[in-house]
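Residue numbers for the sequence shown follow the working numbering, beginning at 784 and rising by one.
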Amino acid sequence: WGTYRSLINNAVNGVSKGHEKTLELTGVGFRANLKGENLNLQLGFSHDVNFKIPKEIKISVEKQTVIKISGVDKELVSKIAAEIKSLKSVEPYKGKGIKEKDQYVLRKEGKKR
């Protein structure tokens, strides 16, 4: 009973308010652009990464390093955010990568000589 209540509640909230996730790109040269139906990401690879945006999801790039994902379906918004985050996960030494806005990154200390 509890699971179905949460699913119905998320569906009602999605239709009335909408669900939103904010991602941040941290690192030198990490950028995001919208090109038609694709999200173009420069993540320090030798090539740009193109991510196809589903029709139900609306993605906006506020600055070059902030991506806002919004939509009606909470599960789909979270899934798309997780797929984008998995393209370049945050590394613990310099903190470079894609993370959610309020995500805490556990930082490690480098080697000592």
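Even for Gly, the Cβ is constructed at its ideal location relative to N, Cα and C.
Residues in the same chain with beta-carbon distance under 7 Å from residue i, minus the five sequence neighbours each way, listed in chain order, please.
i, result
"residue 825", "812, 813, 814 and 831"
"residue 857", "793, 797 and 802"
Bridge partners of residue i, per DSSP?
i, result
"residue 791", "BP columns for residue 791 are empty, so no partner."
"residue 853", "803 and 841"
"residue 809", "880"
"residue 814", "825"
Please classify residue i: is it buried, with 16 or more other beta-carbons within 10 angstroms of its beta-carbon, or exposed?
i, result
"residue 863", "buried"
"residue 835", "exposed"
"residue 893", "exposed"
"residue 842", "buried"
Apart from the five residues just before and just after residue i, which ones in its own chain have a Cβ nearer than 6 Å to its Cβ?
i, result
"residue 803", "853"
Measure the C-alpha to C-alpha separation of residue i and residue j and round it to an integer number of angstroms.
i, j, result
"residue 865", "residue 851", "13 Å"
"residue 785", "residue 797", "18 Å"
"residue 817", "residue 896", "44 Å"
Report all residues from its chain with a CB closer than 8 Å to the CB of residue i; omit the five preceding and five following residues, and keep chain order.
i, result
"residue 882", "806, 807, 809, 868, 873 and 888"
"residue 875", "888, 889, 890 and 891"
Taking 8 Å as the threshold (beta carbon to beta carbon), is residue i in contact with chain D?
i, result
"residue 834", "Considering every chain present, this structure includes no chain D. It has just one protein chain."
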